[in-house]
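Going by my numbering, 33 is the number at position 30 of the sequence shown; the sequence numbering is gapless.
Backbone N, C-alpha and C define an ideal beta-carbon position, used for all residues, glycine too.
From a predicted model like this one, the values you see are computed outputs, not experimental measurements.
What follows is a short report on a single structure.
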Amino acid sequence: MAGSQGEIPSQLGRTAVVTGATGGLGYETALALAKAGAEVILTGRDDRKGQSANEKIGREAVGAKVNYERLDLASLASIAEFSERMRGRPSLDLLINNAGVMALPRRQTTADGFEMQFGTNHLGHFALTARLLPLLRRASAPRVVSLSSLAHRTALIDFGDLQAERLYSPWKAYGQSKLACLMFALELQRRSDAAGWKLTSIAAHPGLARTNLFASGPGGLISLATDFVAPFVGQSAADGARPILFAATSPLAKPGAYYGPGGFSELRGVPAPALIMPQARNTAAAAKLWDVSASLTHATFE
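In structure tokens, the structure reads:
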């Protein structure tokens with residue numbers, strides 16, 4: 004399966020929003036889309052990094068249409084402001100829900116009081132997708148790609164303690180957030196089919212990609228072990244972006260599917276269908292998660 008910068012179909016005439024595009028997977032995804040001819044809107048919460056990424060892509064993809072917009076997924080107000088700025092556009096072809104935080108050592112909260120990982124990785128993208136849905140529906144073949152993780156395999160949605168107020172564990176919270184991202188992607192496709200939105204929703208994961216996520220993670224032995232093994236079993240951020248690009252652009256990518264690296268344990272390799280654990284396929288739990296997320300974020304899909 005294809006998915007690298009030189010393998011994706013032409014994206015001329017298409018507009019893409021990539022969250023968390025100032026570095027790592029988001030940057031590589033945005034760069035590849037820009038090189039393929041898409042107009043790319045980079046988003047991030049650090050204006051300095053955003054402008055730097057914007058300029059760097061402009062140098063690497065000469066003639067590319069690329070712009071940076073501030074967007075903090077940990078703030079519903081920031082999401083509303085960004086979406087309002089987008090309203091003047093005729094349509095949106097592609098939304099890449101990439102931004103995220105991983106295994107924060109201490110419990111932190113978003114501007115709205117949500118546990119930071121659940122709030123940023125899932126609830127922020129849930130609210131953003133809802134607000135951008137009218138623009139997506141105006142496109143001829145819109146796609147939403149949501150990033151999950153291998154960490155979803157051992158995770159559960161703890162509806163009794165979604166915000167980890169009673170007990171916080173860095174990896175439990177991260178796994179729950181990434182399971183929620185996968186469940187959202189699958190439920191979004193079901194709801195699109197039922198409502199006639201003509202939207203394609205696909206999930207993807209990068210395997211073990213060497214990005215800066217671990218820099219803000221728990222540190223200690225886990226980070227040291229990851230730093231040691233990553234060069235041997237992991238892959239670069241550019242290669243980690245290949246499943247994302249496949250999900251976003253390939254005519255072979257299926258609605259409601261999940262893609263990741265096709266190598267050993269899905270840690271690295273060319274894009275291929277990824278393992279979806281039974282808890283992610285639980286439609287009753289997905290519907291409940293959707294309703295809870297809509298209530299928490301005051302988001303409506305219409």
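Under the criterion of beta carbons closer than 8 Å, Gly178 and Ala154 qualify as touching, at roughly 4 Å. Residue range 261-264 is occupied by the beta strand (DSSP E) that includes Pro264. For His208, the CB contacts under 7 Å within the same chain, skipping 5 residues up- and downstream, are Leu150, Ser151, Ser152, Leu153, Pro246, Gly263, Ala277 in chain order.
Taking 8 Å as the cut-off, the Cβ atoms of Leu45 and Asn70 count as close. Glu72: member of the beta strand (DSSP E) spanning 68-73, first to last residue. Its Cα nearest to that of Arg110, the residue Pro173 stands out among Arg48, Leu185, Pro173.
Rounded to whole angstroms, Glu269 and Glu42 show a C-alpha spacing of 31 Å.
Ranking Ala289, His301, Leu170, Phe267 by CA distance to the CA of Leu189 puts Ala289 first. C-alpha of Phe85 to C-alpha of Ala130: approximately 11 Å in a straight line.
For Thr203, the uninterrupted beta strand (DSSP E) run begins and ends at 203-207, by DSSP.
Annotation for Ser55: no beta strand (DSSP E) segment contains it, though the alpha helix (DSSP H) segment containing it runs 50-63. Taken in chain order, the complete alpha helix (DSSP H) segments of 4 residues or longer contained in the region 245-298 are 245-252. Rounded to whole angstroms, the Cβ separation of Ala158 and Leu182 is 4 Å, and the two are in contact under 8 Å. Annotation: the continuous beta strand (DSSP E) that includes Ile99 extends over 97-100.
When Cβ pairs closer than 8 Å are counted between the two stretches, the region 31-41 is seen to touch the region 8-19, the count reaching three or more. Distance from Gly23 to Gly103 at the Cβ level is roughly 6 Å; contact confirmed, criterion being Cβ atoms closer than 8 Å.
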